[in-house]
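Encoded as structure tokens, the structure appears first; notes follow it.
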Amino acid sequence: MLKNRSVPDSTIIPELAYPNLSEAIDWLCSAFGFTLRLRIADHRAQLTLGNGAIVIVQHPGAGATTPIAHSLLVRVEDADQHHANAVSQGAQIVRPPTTFPYGERQYTATDLIGRTWTFSQSVADVDPRDWGGTPGTL
Numbered sequence: 850m851l852k853n854r855s856v857p858d859s860t861i862i863p864e865l866a867y868p869n870l871s872e873a874i875d876w877l878c879s880a881f882g883f884t885l886r887l888r889i890a891d892h893r894a895q896l897t898l899g900n901g902a903i904v905i906v907q908h909p910g911a912g913a914t915t916p917i918a919h920s921l922l923v924r925v926e927d928a929d930q931h932h933a934n935a936v937s938q939g940a941q942i943v944r945p946p947t948t949f950p951y952g953e954r955q956y957t958a959t960d961l962i963g964r965t966w967t968f969s970q971s972v973a974d975v976d977p978r979d980w981g982g983t984p985g986t987l
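If you count by our numbering, then the sequence shown holds residues 850 to 987, one letter each, in order.
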């Protein structure tokens with residue numbers, strides 16, 4: 850699998866929503882020993898612990914029309930092939946394979962109970978600073 854500085858090396862990366870991103874970063878780092886790897890503006894951050902990683906996302910909070918949701922990011926060798934297999938098995942596709950400036954080709958689907966899964970293939974090694982990320986530790 851291609852290494853990309855814009856995404857953690859972990860194969861499966863839970864994406865957890867919090868109503869206050871900065872507070873969540875501080876608390877998870879101090880209470881559970883995570884390290885801030887990368888912050889993306891005020892809506893997303895990557896945290897690592899050992900060889901594992903999580904992504905935390907800003908949830909709209911009070912008055913939001915959607916409940917706090919969690920999803921999974923899974924790194925794969927070939928997003929297009931993975932997508933074709935998922936479609937052939939009846940997966941509902943939320944977003945077709947798309948290549949992003951941070952060096953990842955991703956598609957998003959929902960599973961049989963509606964949980965969101967994003968499958969991501971590293972297609973380039975991109976410095977997060979090149980697309981607006983703010984590295985903590987890489």
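Note that beta-carbon positions come from the ideal geometry of N, C-alpha and C, so glycine has one too.
- With contacts defined as CB atoms closer than 8 Å, G985 and T884 qualify as a contacting pair.
- Distance check between V943 and each of S937, W966, R954 places W966 closest, using alpha-carbon atoms only.
- Around G882, the same chain offers L898 as residues with beta carbons nearer than 8 Å, after the five sequence neighbours per side are excluded.
- M850 places its beta carbon 8 Å or farther from that of S937.
- Secondary structure of V923 (DSSP, three-state): strand.
- Between the C-alpha atoms of D974 and R954 there is a straight-line separation of about 12 Å.
- When only Cα atoms are considered, L921 and W980 end up about 22 Å apart.
- Residue nearest to L865 within the set S855, V856, L877 is L877 (criterion: CA-CA distance).
- For a cut-off of 8 Å, the C-beta gap from A928 to S969 is around 7 Å, short enough to register as a contact.
- Under a 10 Å Cβ-count criterion, I861 is classified as exposed, with fewer than 16 other Cβ atoms of the shown protein chains found around its own Cβ.
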